[in-house]
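Peer 1: Have a look at this one before I ask anything.
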Amino acid sequence: MRDNITLLRGLEPAATEQEIYAAALQYVRTVGGVSGLSTATKAAVDKAVTAIAAATTQLLADLPSHPTPSAADSPLRTGSD
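Now the structure itself:
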(Lines of atoms letter the chains of each structure in order from A and count residues from 1; the text may use other names and numbers.)
(Lines give C-alpha, C1' and ligand atoms only; values in the text may rest on other atoms or scores of the structure.)
Protein backbone atom coordinates (compact mmCIF):
# COMPACT_ATOMS: atom_id res chain seq x y z
CA MET A 1 0.00 0.00 0.00
CA ARG A 2 2.89 2.37 0.69
CA ASP A 3 3.71 2.66 -3.01
CA ASN A 4 0.21 3.96 -3.74
CA ILE A 5 0.20 6.77 -1.19
CA THR A 6 1.58 10.16 -2.22
CA LEU A 7 4.45 11.59 -0.15
CA LEU A 8 3.53 15.12 0.96
CA ARG A 9 6.16 15.86 3.59
CA GLY A 10 9.06 18.02 2.43
CA LEU A 11 7.49 19.40 -0.74
CA GLU A 12 8.62 22.89 -1.71
CA PRO A 13 6.43 24.79 -1.74
CA ALA A 14 4.51 22.96 0.95
CA ALA A 15 1.70 20.60 0.01
CA THR A 16 -1.42 22.43 -1.09
CA GLU A 17 -4.94 21.84 0.22
CA GLN A 18 -5.71 20.17 -3.13
CA GLU A 19 -2.78 17.75 -2.76
CA ILE A 20 -3.72 16.93 0.84
CA TYR A 21 -7.37 16.37 -0.15
CA ALA A 22 -6.33 14.13 -3.07
CA ALA A 23 -4.08 12.05 -0.80
CA ALA A 24 -6.86 11.75 1.81
CA LEU A 25 -9.34 10.66 -0.87
CA GLN A 26 -6.83 8.12 -2.21
CA TYR A 27 -6.37 6.74 1.31
CA VAL A 28 -10.11 6.52 2.03
CA ARG A 29 -10.84 4.83 -1.29
CA THR A 30 -8.05 2.30 -0.74
CA VAL A 31 -8.90 1.48 2.88
CA GLY A 32 -12.65 1.52 2.28
CA GLY A 33 -12.50 -0.39 -0.97
CA VAL A 34 -14.51 2.35 -2.66
CA SER A 35 -13.67 2.88 -6.32
CA GLY A 36 -16.45 5.33 -7.09
CA LEU A 37 -18.89 7.45 -5.15
CA SER A 38 -22.56 6.61 -4.98
CA THR A 39 -25.35 8.12 -2.93
CA ALA A 40 -24.82 5.26 -0.47
CA THR A 41 -21.09 5.99 0.02
CA LYS A 42 -20.67 9.73 -0.65
CA ALA A 43 -21.51 11.04 2.84
CA ALA A 44 -19.27 8.54 4.62
CA VAL A 45 -16.39 9.11 2.19
CA ASP A 46 -16.71 12.91 2.39
CA LYS A 47 -16.72 12.80 6.20
CA ALA A 48 -13.66 10.54 6.32
CA VAL A 49 -11.75 12.58 3.72
CA THR A 50 -12.42 15.80 5.63
CA ALA A 51 -11.17 14.27 8.90
CA ILE A 52 -8.09 12.70 7.30
CA ALA A 53 -7.22 15.87 5.38
CA ALA A 54 -7.41 17.88 8.63
CA ALA A 55 -5.27 15.32 10.47
CA THR A 56 -2.76 15.29 7.60
CA THR A 57 -2.53 19.08 7.57
CA GLN A 58 -1.85 19.07 11.32
CA LEU A 59 0.66 16.23 11.00
CA LEU A 60 2.64 18.02 8.29
CA ALA A 61 2.67 21.21 10.38
CA ASP A 62 3.88 19.35 13.48
CA LEU A 63 6.63 17.22 11.92
CA PRO A 64 10.19 18.55 11.69
CA SER A 65 11.43 19.50 8.24
CA HIS A 66 12.41 16.72 5.89
CA PRO A 67 14.51 16.59 2.72
CA THR A 68 12.52 17.59 -0.34
CA PRO A 69 11.17 14.63 -2.33
CA SER A 70 11.37 14.70 -6.11
CA ALA A 71 8.48 16.18 -8.08
CA ALA A 72 7.68 12.65 -9.23
CA ASP A 73 6.64 11.83 -5.65
CA SER A 74 3.59 14.08 -6.01
CA PRO A 75 1.46 13.19 -9.02
CA LEU A 76 -0.23 16.60 -8.88
CA ARG A 77 3.09 18.30 -9.59
CA THR A 78 4.77 18.13 -12.95
CA GLY A 79 8.20 19.27 -11.79
CA SER A 80 7.98 22.57 -13.65
CA ASP A 81 6.37 25.84 -12.65
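Per the numbering used here, the sequence shown starts with residue 400, numbered consecutively. Here a beta-carbon is modelled for each residue, glycine too, at the ideal position from N, C-alpha and C.
Applying the 10 Å Cβ sphere with the 16-neighbour rule, what's the burial state of V448?
Peer 2: It counts as buried.
Peer 1: Helix, strand or coil: how does DSSP classify R428 here?
Peer 2: helix
Peer 1: According to the neighbour-count rule (16 or more other Cβ atoms, all chains shown, within 10 Å of its Cβ), is I404 buried or exposed?
Peer 2: exposed
Peer 1: Would a C-beta distance cut-off of 8 Å place V444 and V430 closer than the cut-off?
Peer 2: no
Peer 1: Check the Cβ-Cβ distances between E411 and every residue of chain D, and say whether any is below 8 Å.
Peer 2: Protein chain content of the structure displayed is limited to a single chain, and chain D is not contained in it.
Peer 1: In angstroms, rounded to a whole number, what distance separates the CA positions of S464 and Q425?
Peer 2: Their backbone Cα atoms lie some 24 Å apart in a straight line.
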